[in-house]
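What follows is the structure, encoded as structure tokens:
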């Protein structure tokens, strides 16, 4: 997941500090899952409402953990908001559009790419074609449409060099 985020940041020619923040936030974005029981994380079927509530608390838990470790405010914000949606239907704060930190919007795309191309207890890994289909379908609702177009351009330019593209 970190590779996707970092490569997208490089492709966008972001500043060195933004690229460092992408790297750090990508590594730490799901640290709050430490507080989620393994039975929920590895459940082979759909989560029930109570389990989903616990799972949805991981961005806030991650922010709290990293806050105690004195990470920069920007990193904390990215960790907290990486599950916000462009249309405002995400969590934990229901932010939308440009109100979602830019790097959190970028991390959200990389996280989805990784989620689709990685095996889960309840399904096998998907293909990169499935990734592109999901990103295109969800551009403007779940994801920043400009970042989706940029990611697809990166993929089409054959500059995406991480494991999922190569395999």
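Numbering (the numbering used here), first residue to last: 1133 to 1299.
Glycine included, every Cβ here is placed at the ideal spot set by N, Cα and C.
| Query | Result |
| --- | --- |
| Which of helix, strand or coil DSSP assigns to residue 1252 | strand |
| Residue 1275 (DSSP reduced to helix, strand or coil) | strand |
| Within 8 angstroms, strictly: CB atoms of residue 1249 and residue 1257 | yes |
| Residue burial classification, residue 1222 (beta-carbon count within 10 angstroms, cutoff 16) | buried |
| Residue 1147 versus residue 1138 - alpha carbon distance | 12 angstroms |
| Minimum Cβ-Cβ distance from residue 1255 to chain B less than 8 angstroms | In the structure shown, chain B does not exist; there is a single protein chain. |
| Local conformation of residue 1232 per DSSP, three classes | coil |
| Residue nearest to residue 1226 in terms of C-alpha spacing, selected from 1217, 1176, 1170 | 1217 |
| Contacting residues, own chain, Cβ-Cβ under 6 angstroms from residue 1209 (five flanking each side not counted) | 1233 |
| Segment contact, 8 angstroms Cβ cut-off, at least three pairs: the stretch 1161-1169 with the stretch 1191-1199 | yes |
| Residue 1143 (DSSP reduced to helix, strand or coil) | helix |
| Given residue 1154 as reference, the closest of 1273, 1272, 1204 once Cα atoms are compared | 1204 |
| Chain-order list of residues whose beta-carbon lies under 8 angstroms from that of residue 1253 (same chain, five-residue window excluded) | 1174, 1175, 1176 |
| CB of residue 1273 within 8 angstroms of CB of residue 1231, strictly | no |
| Sequence-distant residues of the same chain with beta carbon closer than 6 angstroms to residue 1143, five excluded per side | 1286 |
| Residue 1267 versus residue 1213 - alpha carbon distance | 18 angstroms |
| Helix, strand or coil at residue 1218 according to DSSP, with G and I counted as helix | coil |
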